[in-house]
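Everything below concerns the one structure shown next.
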Ligand SMILES: Cc1cc2nc3c(=O)[nH]c(=O)nc-3n(C[C@H](O)[C@H](O)[C@H](O)COP(=O)(O)OP(=O)(O)OC[C@H]3O[C@@H](n4cnc5c(N)ncnc54)[C@H](O)[C@@H]3O)c2cc1C
């Protein structure tokens, strides 16, 4: 049980890290606590078609549906459109996350990684003060798997970071609490994702409806953790579905959280790198985390392949990963955190007038950034309101 690299967690971030490192010649162990990779699904599956295509070859097996764009609704029903390819991480393809996650893990295995399912990481193995592997629980047995470097890709509940002394604690306001139903027969438009804003329906978040084909849709709500009370998200979603989709049949329930903190102080320590939700790399404005996790996974896999053969995996050497992901996705999520902090201060009336302002513009070819820029162009006083966040 000796490897060059252990990756904990076979979600999109972990599988991409394992595949990249294995392709570069490292002996990689990919550990997954669940029996079946990708199940149960805790995701709506929305992802930008063009960005995903840069990372993996699209496969119809894991594309549940393809959408032309997104519609965003203000609390009073005012609606604007965004085009699919442009609508950042939240539109384009709707993935079947179960099949997608298994396909990515299979790619990692094909590249040479050894995949261990039903294998839960339970602690960091240390020798001479440095991490040198992982304790795992497998079929009731406590085993040791050795490797000089560990990548923690263990999602929002990440423990690898904590074991390595990395502060990944999230404030309540920086967690989105999500509940989602798989819904059938709601007469939805199969071509568009829909987002509904408003303090009443989703305080500090939004309601979404993502078509999954065959008259199915993922309909969910996320609300800011600091505004959540027990059962609130589920009640809000049930209310929404009852009012707007009275014929809907609810087939499946998903509950989960998404980090929405922006970049945390560090994602590395001696012999350990964190990727994906474990590193809090999801987008704090849209709450999308698949793409950023995959990108960071590739970067961590590449850095692992560079440093392990040289035998030095101390924190200073791993700074290369830290620098790379911050330049690549960190800037974006830092900016979006400021925008999110601003948008959560807006009242329903503000949202109504903002979308009203944009309604008369041709937003159908804009991405989220373009939309925000246009908004500030139309209403410079918003920039003034935001100044304390920007400077
Ligand atoms: C309801 C909901 C809807 C969402 N919708 C979208 C969306 O439409 N688009 C989007 O981009 N993002 C969405 N997200 C966010 C997205 O699901 C995550 O950002 C993404 O899955 C992060 O990928 P990851 O690989 O970092 O972590 P995960 O996908 O969470 O994978 C972590 C893996 O680690 C495993 N693991 C954990 N602990 C251990 C351990 N101790 N030992 C071994 N294995 C372990 C887990 O079982 C899991 O398989 C949504 C989230 C929720 C909750």
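Residue numbers (this note's numbering): 820 to 1210.
Virtual Cβ for every residue (Gly too), placed ideally from N, Cα, C.
Predicted model, so just to flag it, every value in this text is computed and none were measured.
Per the contact definition of three or more C-beta pairs closer than 8 angstroms, is the stretch 870-882 in contact with the stretch 1160-1174? no
Exercise. Can you name, in chain order, every residue of its own chain whose Cβ lies under 8 angstroms from the Cβ of residue 974, other than the five neighbours on each side?
Worked result: 828, 830, 1095, 1096, 1097
Taking the Cβ atom as the reference point for each residue, do residue 989 and residue 1078 lie within a distance shorter than 8 angstroms? yes
Roughly how many angstroms separate the alpha carbons of residue 1057 and residue 946, rounded to a whole number? 52 angstroms
Practice prompt. Compute every distance between the C-beta of residue 1107 and the non-hydrogen atoms of ligand 1, then say whether any falls below 7 angstroms.
Written response: yes
* Check whether residue 986 and residue 1084 have beta carbons under 8 angstroms apart -> yes
Answer with buried or exposed for residue 854, where buried requires no fewer than 16 other C-beta atoms within 10 angstroms of its C-beta. exposed
Review point. Which one or two residues does DSSP pair with residue 960 in a beta bridge?
Key: 957
Next item on the list: Inspect the beta-carbon positions of residue 1092 and residue 970 and report whether they are closer than 8 angstroms.
Entry: yes
When DSSP labels each residue in this structure, what does residue 1037 get in the three-state scheme? strand
* **DSSP-derived helix/strand/coil call for residue 985** => coil
C-alpha distance - residue 1193 paired with residue 1175, whole-angstrom precision: 13 angstroms
Practice task
Output the boundary residues of the alpha helix (DSSP H) element that contains residue 947.
Solution key: Counting along the chain, residue 947 falls outside any alpha helix (DSSP H), and DSSP gives it neither H nor E.
Taking 7 angstroms as the cut-off, is the beta-carbon of residue 861 closer than that to any non-hydrogen atom of ligand 1? yes
For residue 836 and residue 1139, which I take to be in contact (beta-carbon distance under 8 angstroms), what is that distance rounded to the nearest angstrom? Their Cβ separation, rounded to whole angstroms, is 15 angstroms, which puts residue 836 and residue 1139 out of contact at 8 angstroms.
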